[in-house]
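**Student:** First the structure, which I've put down as structure tokens, then a few questions once you've had a look.
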Amino acid sequence: MGLPRSLVMLILPMCCLFLADSVMVRSADTGSSMRSLDAFLQEYAYQALVNPKTGVPYDAAAPSNLTGISIRAMRLRSGSFRRYGVDSFKEFEIPTGVIVRPYVERLVLVYQNLGNWSEEYYALPGYTYLAPVLGLLAYNASNLSATNLPELEMRASGDPIHVKFDNVKSLPDGTVAKCVWFNLEGKANFSSVESGNTCSTIQHGHFSIVVESIAPSPTPLSPPGTVIPNAPPPPSKKENNTRVWIIVGSVLGGALLLVLVSLLILWLRKLKQRNKMDQMERAAESGEPLQMAIVGDTKAPTATVTRTQPTLETEYVP
Ligand SMILES: *[C@@H]1O[C@H](CO)[C@@H](O)[C@H](O)[C@H]1NC(C)=O
Ligand SMILES: *[C@@H]1O[C@H](CO)[C@@H](O)[C@H](O)[C@H]1NC(C)=O
Ligand SMILES: *[C@@H]1O[C@H](CO)[C@@H](O)[C@H](O)[C@H]1NC(C)=O
Ligand SMILES: *[C@@H]1O[C@H](CO)[C@@H](O)[C@H](O)[C@H]1NC(C)=O
Ligand SMILES: *[C@@H]1O[C@H](CO)[C@@H](O)[C@H](O)[C@H]1NC(C)=O
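Residues -22 to -1, 1 to 296 (mature numbering (1 follows the signal peptide of the UniProt record, and there is no 0)) are what the sequence shown spells out, left to right.
Following this line, the structure appears as structure tokens:
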């Protein structure tokens, strides 16, 4: 009986793992790709800082396989950053009173504009981007050749940081735009748009303006010849592929689970049958305790009803 239980213990968690796997694929995948993109862009941003002047922005070249992304870096003393803020760091307006933790003497502000890569890295199912995803992150400036630096926490203690988006795409009729903020784990949180193109934040992360996609067909109907200013960008091929793979994975995982469970049930049934047979055999070997009666001078088994010979179920041949 030791074997069956251990086998069940082995098979059940396996089934659960398969299920969990197919559900988790997407979030785990995008979460880690955002983190590696941040690390990659930090490295590129720092490469633009060769003997940098304090408080002067430097545009960095995007890596060639990420054309369309722009990055900017600026080194600051953290004391003056807190005291004066930064009037305009591309779309970001950083007020006074923004505190960076843990304390560093100098920091590098890194700006990211993910451009046409926004949906690739920050896929937000059910929403359409009206502006690119912009990132504002801070790092320790002590070693400008350091890589894989952890982000510093940036928090506004007074006024919030404003993000004024340029060229927000116009809205489909009857819809409301929302600001979206992604924390470093890629978790999205929404807030309202101010003055048509501005989002507020009290901390670092990634920001954009989105609108809920119109459910069945996201492409609005329009008379021929008109330009659709707010047509959602077509989903990228890679994105579609990911979706297809997730569906295929889920279906395969489900089928595999079904097979495993069926096998388990079949196996348990067989086991039960075998146990029954074992019992019967054991009973036959040890001799069933039959009621005995004295008939004349011989002992003979008695039964209340006529007994048929015990037959093993599996030995029936129909
Ligand atoms: C771009 O190339 C680098 C290596 O130079 C690689 O680590 C990174 O994953 C690539 N990114 C994409 C999106 O292909
Ligand atoms: C973004 O545009 C550039 C060219 O401007 C192109 O090389 C790149 O593949 C595009 N990225 C995506 C995700 O389509
Ligand atoms: C910043 O980097 C310097 C040099 O690498 C290091 O000594 C210091 O501990 C770092 N500060 C923080 C807060 O990580
Ligand atoms: C700066 O970082 C680079 C790369 O990690 C390392 O090789 C170098 O020793 C560091 N310098 C200092 C002064 O910590
Ligand atoms: C997300 O937004 C809601 C409502 O705006 C807010 O109550 C909540 O604290 C936010 N979550 C985080 C992690 O900031």
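All residues carry an ideal CB built from backbone N, CA and C; glycine is no exception.
Just so we're clear, the structure is a prediction, and the values are computed from it rather than from any experiment.
Where does the unbroken beta strand (DSSP E) through E129 begin, and where does it stop?
**Tutor:** Taken as a continuous stretch (DSSP letters only), E129 belongs to no beta strand (DSSP E), as it is neither H nor E.
**Student:** Can you list, in chain order, the residues of its chain with a C-beta nearer than 7 angstroms to that of T32? Leave out the 5 residues immediately preceding and following it.
**Tutor:** Once the five neighbours on either side are set aside, the close Cβ partners of T32 are R53, L54, R55.
**Student:** Grouping DSSP H, G and I as helix and E and B as strand, with all else coil, what is V237?
**Tutor:** Reduced to three states, the DSSP call for V237 is helix.
**Student:** What is the rounded straight-line gap between the Cα of G104 and the Cα of V189?
**Tutor:** For G104 and V189, the distance between alpha carbons rounds to 9 angstroms.
**Student:** Quick check: what's the CA-CA separation for N29 versus P150?
**Tutor:** Distance between the alpha carbons of N29 and P150: 47 angstroms.
**Student:** Using the Cβ count rule (16 or more neighbours within 10 Å means buried), how would you classify G57?
**Tutor:** Result: exposed.
**Student:** Identify which residue in R133, G174, N145, N175 has its Cα closest to the Cα of G183.
**Tutor:** When only C-alpha atoms are compared, the closest one is R133.
**Student:** Run the proximity test for T45: is its beta-carbon closer than 6 angstroms to any non-hydrogen atom belonging to ligand 2?
**Tutor:** Correct: T45 has its Cβ closer than 6 angstroms to ligand 2.
**Student:** For ligand 2, is there any heavy atom lying closer than 6 angstroms to the beta carbon of N94?
**Tutor:** Result yes, Cβ under 6 angstroms from ligand 2.
**Student:** So, is G63 buried or exposed, given that buried needs 16 or more other C-beta atoms within 10 angstroms?
**Tutor:** Classification of G63: buried, given that the 10 Å Cβ count is 16 or more.
**Student:** Buried or exposed: E97, going by 16 or more other Cβ atoms within 10 Å of its Cβ?
**Tutor:** Classification for E97: buried.
**Student:** Measure the alpha-carbon distance for W245 versus L230 and round it to whole angstroms.
**Tutor:** Cα to Cα, W245 sits roughly 22 angstroms from L230.
**Student:** Using three-state DSSP, classify I192 as helix, strand or coil.
**Tutor:** I192: coil per DSSP, three-state reduction.
**Student:** Could you tell me which whole beta strand (DSSP E) segments of length 3 or greater appear in the region 16 to 73?
**Tutor:** Here the runs fully enclosed are 35 to 38, 48 to 55, 64 to 67, 70 to 72.
**Student:** Pull up the distance between the alpha-carbon of V154 and that of Y22, whole angstroms please.
**Tutor:** Near 36 angstroms, if we compare the C-alpha coordinates of Y22 and V154.
**Student:** Assuming Y105 is part of the beta strand (DSSP E), what are its boundary residues?
**Tutor:** Run containing Y105: 105 to 107, per the beta strand (DSSP E) assignment.
**Student:** Between T74 and S173, what straight-line distance do the alpha-carbon atoms span, to the nearest angstrom?
**Tutor:** T74 and S173: Cα-Cα distance of roughly 22 angstroms.
**Student:** Pull up the DSSP beta-bridge partners for K142, would you.
**Tutor:** Answer by DSSP bridge pairing, in chain order: T176.
**Student:** So, at 6 angstroms on beta carbons, what are the nonlocal neighbours of D137 in its own chain, with the 5 sequence-adjacent residues on each side left out?
**Tutor:** So the list reads P73, once near-sequence residues are dropped.
**Student:** Pull up the distance between the alpha-carbon of D(-2) and that of L44, whole angstroms please.
**Tutor:** Low confidence applies here, because D(-2) scores a pLDDT of 39, under 50, leaving its location unreliable; read the following figure in that light. Using only the alpha carbons, I get a separation of about 29 angstroms.
**Student:** Compute every distance between the C-beta of N118 and the non-hydrogen atoms of ligand 4, then say whether any falls below 6 angstroms.
**Tutor:** Not under cutoff, so the answer is no.
**Student:** For I77, which residues from the same chain have a beta carbon less than 7 angstroms from its beta carbon, with the 5 sequence-adjacent residues on both sides left out?
**Tutor:** Only R60, R133, S135 meet the Cβ criterion.
**Student:** My output table needs one value for Y99: the three-state DSSP class, helix, strand or coil.
**Tutor:** Helix at Y99.
**Student:** Using a threshold of 7 angstroms, state whether the C-beta atoms of Y99 and M12 are closer than that.
**Tutor:** In contact: Y99 and M12 (Cβ atoms closer than 7 angstroms).
**Student:** Which class does K147 belong to by DSSP, given the choice of helix, strand or coil?
**Tutor:** Residue state, collapsed to three classes: coil.
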